[in-house]
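Sequence lines, in order, name chains W and X.
Everything in the first sequence is counted per numbering that gives the first Met the number 0, starting at 0 for the first residue and increasing by one.
Everything in the second sequence is counted per numbering that gives the first Met the number 0, starting at 0 for the first residue and increasing by one.
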Amino acid sequence: MVETARVLALVGFVIVAVFASSLLFSLFGIPPLTGLVSLFKFGFGTPGAFASTVGGMVPLLIMAVGLSVPFTARVWNIGGQGQFVIGSIVSTWVGLEFAKSAPPGVVILLALVSSFLGGAMWLVPPILMRIYRGINEVITTLMMNFVSVFLLDWLITGPMEGRQAIALNEPSSAPLPGYLMFPSLVPGTNIGLGLVFALFLAVAFFFLMKYTRLGYELRLIGQGVGAARYAGVAVERDMLIASLISGGIAGVAGMVQIFGATGVLLPQVFSDITTSYGYVGIPVALIASLNPIGIILSAFFFSGILTGAYGMELAYDIPIDVVTAVYGMVMFLAPLGFHIRFSKRKLRV
Amino acid sequence: MLPRALPIIAAATGELVDQSAGILNLGVEGIMLIGTIVGFFTDFYTGSLLLAFLFAGVAGTLLALLHAVASISLRADQVVSGTAIWFIGWGLSGVAYRALFGNYLVPPTIAALPHLQLPVLTSIPIIGPILFGQDPAAYFILLMIVLTHYFLFHTQTGLNLRTVGEDPRTAEEMGVNPIRYRYAATMFGGFMAGIGGAYLTIAVTGTFYYDLTAGLGFIAVALIYFGKWKPLRTLVGCLVYGAVYVLFLTIQTHFLMIPYQFFAMWPYLAIVVILAAVAAKSGGPASLAKPYEKGA
């Protein structure tokens with residue numbers, strides 16, 4: 000009953016948020032309703048748009064799964080963007096370095112493992128500060144995002160600079176050899192192995208939360224640290240493990256993006272929402288109330304809005320930043336869903 | 000050094016009052032961004048500095064009101080709501096800029112703020128320009144943080160507000176309405192963050208570009224931790240931050256062989272290191288970020 004009310008409320012809030020944000024279109028001389036219709040048409044309406052939306056889900060889905068693990072325990076890893084960048088740096092380096100000396104399967108596996116470790120490592124200092132000194136992890140994880148962006152910028156204009164420029168006037172690393180790239184499953188689209196992997200992670204997350212002790216304990220912590228401790232949960236250890244998984248998965252998202260989509264390290268513009276998967280992952284996870292199936296749907300929805308907004312920018316010269324505001328409004332309404340959930344179910348120990 | 004520090008000082012002043020009442024608003028970053036565009040736009044079209052700061056403050060207050068409704072009345076998680084506010088401010092400021100100035104080929108700029116010029120006093124070497132050569136908004140922001148110190152620690156209302164942040168139940172038993180105090184504090188926080196954002200475009204950059212604040216709002220929150228929720232200690236933190244920022248800019252021009260990215264990343268790393276070294280586990284308002292339910 001409560002569950003149904005929550006889902007209905009959430010759906011209602013999302014509709015309100017999308018309608019409210021469509022008012023922004025009128026700033027550019029397009030009636031809100033027309034704008035809304037074209038947004039969905041450009042995002043989902045044609046086979047090509049649909050394919051890019053599905054392909055674009057991959058980094059969002061992986062990222063949202065990674066963020067949801069600590070979010071369940073109310074540990075807020077806002078640094079997914081930085082962990083994503085570190086994961087893409089590490090995996091590109093591995094790919095370029097070992098391409099000639101090892102078989103492709105080994106290189107890809109090595110890139111996967113090292114991007115996981117790199118992303119997890121990037122989160123270690125902030126999370127230890129949170130757990131042992133109570134320092135707000137939102138601030139520190141966010142600061143690490145900026146550091147990663149400048150690190151990337153230095154690498155692709157310095158030590159990792161590519162000989163041939165991919166895009167004119169834009170620095171980048173050397174491209175990965177084509178045989179290392181994930182094969183596309185649907186010819187002519189970017190739907191490939193990355194999507195399979197992302198869906199696999201969502202299923203793994205479902206099992207983690209539903210059937211493992213760690214998942215159960217994280218949910219207890221999320222409902223109240225004091226009560227969880229009273230119930231015998233090793234709060235610090237669980238928070239640390241959840242965070243390492245989170246940073247690691249965010250790093251892997253960076254690897255999948257390199258090996259599955261771009262094939263090359265490109266500069267990260269901090270304010271560019273279209274490549275800020277670490278930030279967009281936050282509303283994707285929250286709007287779904289951290290539910291694995293919900294996350295798949297919201298990743299699809301968010302990816303569609305992004306694809307749609309690209310179309311709107313091309314067709315009507317509407318800035319892509321509309322998307323950021325839409326995401327914000329959707330996320331703003333997500334806490335209300337949380338509220339219904341947490342106030343009705345009191346933990347009994 | 001001071002111009003760099005002032006936007007942070009303004010935002011930190013508001014956030015400090017906010018947090019003292021028990022409300023954590025991580026949306027300061029987004030509110031500052033709204034302040035940058037509203038302040039810039041108003042100054043550009045009206046030429047009135049007073050209106051520019053006022054409108055930026057009011058816009059900030061409105062955005063903070065959203066956070067207040069979610070976190071006080073609806074008792075939503077304040078981290079989630081604050082992050083949402085950040086996204087809304089981030090997106091809206093970019094959209095607003097394109098809608099308002101999109102047809103300009105060259106980014107428009109506004110004239111710099113007039114600086115105070117006093118006979119004799121301003122011409123005293125070094126301290127003259129620092130003490131007597133600032134713009135009016137700078138004096139306003141500095142006055143606000145000093146007044147905030149007085150308000151929080153030397154008035155009954157300030158004591159009530161801090162009690163709300165420590166223990167809203169006790170406050171209510173004393174006859175203080177925690178909900179009302181928290182709303183007022185959150186809206187004041189939004190007003191000051193808006194002012195801080197406006198100062199950034201009007202006095203520091205003179206123009207607007209995307210995501211202009213680049214984490215300044217979060218740095219303001221971090222410096223409150225450094226200041227242990229005391230306005231004057233926070234002020235010192237902001238000033239030192241501004242000074243070191245300028246120092247690094249100066250050093251950078253002398254060491255061109257070191258890639259600029261290392262200079263650019265230090266302010267963010269420094270915040271992490273400072274927090275690790277200084278912030279204590281306890282010290283903040285006891286009920287910070289905890290929703291209050293009447294009579295529960």
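Don't be surprised by glycine CBs; every beta carbon is placed ideally from N, CA and C.
Next item on the list: Note down, in chain order, every chain X residue with its Cβ under 7 Å from the Cβ of W/Thr139.
Entry: Val271, Leu274
Notebook entry, point to check: chain X partners of W/Val146, CB-CB under 7 Å?
Noted result: Under the 7 Å cutoff, chain X gives Met264, Tyr267, Leu268.
Checklist line | Any chain X beta carbon closer than 8 Å to W/Leu346 | finding: Note that W/Leu346 scores a pLDDT of 35, beneath 50, so its modelled location is shaky and nothing firm can be said.
Checklist line | C-alpha gap between W/Glu136 and X/Val235, whole angstroms | finding: W/Glu136 and X/Val235: Cα-Cα distance of roughly 23 Å.
Next item on the list: Compute the Euclidean distance between the alpha carbons of W/Ser87 and W/Pro103, then round it to the nearest angstrom.
Entry: 17 Å
Margin query: Using the three-state DSSP reduction, which class does W/Gly259 fall into: helix, strand or coil?
Written below: helix
Check: Does the Cβ of W/Val10 have 16 or more other Cβ atoms within 10 Å, making it buried, or fewer, making it exposed?
Finding: Taking a 10 Å sphere around the C-beta of W/Val10, we find fewer than 16 other C-beta atoms and assign the residue as exposed.
Notebook entry, point to check: What's the call for W/Val322, buried or exposed, on a 16-neighbour Cβ count within 10 Å?
Noted result: Looking at its Cβ environment, which holds 16 or more other Cβ atoms inside 10 Å, W/Val322 is buried.
Notebook entry, point to check: Can you name the residues that DSSP bridges to W/Glu160?
Noted result: W/Ser172
Notebook entry, point to check: Under a Cβ-count criterion, where at least 16 other Cβ atoms within 10 Å of its own Cβ denotes burial, should X/Ile270 be classed as buried or exposed?
Noted result: buried
Check: Listed in chain order, which residues of the region 6-39 of chain W have Cβ atoms closer than 8 Å to some Cβ of chain X?
Finding: Leu23, Leu26, Phe27
Note to self: For W/Met328, would you say it is in contact with chain X, using Cβ-to-Cβ distances shorter than 8 Å as the test?
What the structure shows: yes
Notebook entry, point to check: How would you call W/Ser37, buried or exposed, if buried means at least 16 neighbouring beta carbons within 10 angstroms?
Noted result: buried
Next item on the list: Could you tell me whether the Cβ of X/Leu65 comes closer than 8 Å to any Cβ of chain W?
Entry: yes
Next item on the list: Mind the definition here: the region 141-153 of chain W touches the region 239-255 of chain W only if three or more C-beta pairs lie below 8 Å; say whether that holds.
Entry: no
Next item on the list: State buried or exposed for X/Gln155, treating a residue as buried only when at least 16 other CB atoms are found within 10 Å of its CB.
Entry: Burial call: exposed.
Item checked: For W/Ser365, three-class secondary structure by DSSP -> Chain W is shown from 0 up to 348; residue 365 of chain W falls before or after that span and cannot be answered.
Margin query: Rounding to the nearest angstrom, what Cα-Cα distance links W/Ser21 and W/Ala324 in this structure?
Written below: Straight-line Cα distance between these residues: approximately 10 Å.
Next item on the list: From the DSSP output, in three-state form, read off X/Lys289 for me.
Entry: coil
Notebook entry, point to check: Near W/Leu111, what residues of its chain come up, given a Cβ to Cβ distance below 7 Å and the 5 sequence neighbours on each side ignored?
Noted result: Val251, Met254
Note to self: I'd like to know whether the C-beta of W/Ile126 is nearer than 8 Å to at least one C-beta of chain X.
What the structure shows: no
Item checked: Residues, ordered as in the chain, of the region 216-242 of chain W that lie near chain X by beta-carbon distance below 8 Å -> Cβ contacts with chain X come from no residue of the region 216-242 of chain W.
Checklist line | Other residues of its chain near X/Leu50: CB distance less than 7 Å, five sequence neighbours each side excluded | finding: Thr41
Notebook entry, point to check: When we look at the beta-carbon of W/Ile295 and count the other beta-carbons within 10 Å, is it buried (16 or more) or exposed?
Noted result: Under this definition W/Ile295 is a buried residue.
Notebook entry, point to check: Between W/Val68 and the rest of its own chain, which residues show a CB-CB distance below 6 Å, the 5 nearest in sequence each way excluded?
Noted result: Ala241, Ile244, Ser245
Check: Three or more beta-carbon pairs under 8 Å between the region 280-295 of chain W and the region 70-88 of chain W, yes or no?
Finding: yes
Check: With 8 Å set as the bound, which would you pick, yes or no: does the beta-carbon of W/His338 sit closer than that to a beta-carbon of chain X?
Finding: Note that W/His338 has pLDDT 49, beneath the 50 cutoff, so the model's placement of it is unreliable and the number below is only indicative. So, interface residue.
Check: Which value, in whole angstroms, describes the spacing of the CA atoms of W/Leu127 and X/Ile223?
Finding: 20 Å
Note to self: Taking 8 Å as the threshold (C-beta atoms), are W/Gly247 and W/Val57 in contact?
What the structure shows: no
Next item on the list: Would you mind sorting X/His253 into buried or exposed? The rule is 16 or more other CB atoms within 10 Å of its CB.
Entry: exposed
Check: Are the region 62-73 of chain X and the region 1-9 of chain X touching by the rule of at least three beta carbon pairs closer than 8 Å?
Finding: No: the two stretches stay apart, fewer than three of their Cβ pairs being nearer than 8 Å.
Item checked: Below-8 Å beta-carbon distance, W/Ile134 vs any chain X residue -> Yes, its Cβ sits closer than 8 Å to a Cβ of chain X.
Notebook entry, point to check: Between which two residues does the alpha helix (DSSP H) harbouring X/Thr60 extend?
Noted result: 48-67
Notebook entry, point to check: Once you ignore the five residues that flank W/Ile317 on each side, which residues in its own chain have a CB closer than 6 Å to its CB?
Noted result: Phe27, Met311
Note to self: Assuming the contact rule is C-beta atoms closer than 8 Å, W/Ser90 and W/Ser51 should be a hit. Round their C-beta distance to whole Å, please.
What the structure shows: Incorrect: roughly 23 Å between the Cβ atoms, too far for contact.
Next item on the list: Look at the Cβ atom of X/Leu301, then the Cβ atom of X/Gly81, and state whether they are nearer than 8 Å.
Entry: Any answer about residue 301 of chain X is impossible in this case: the structure gives chain X only from 0 up to 295.
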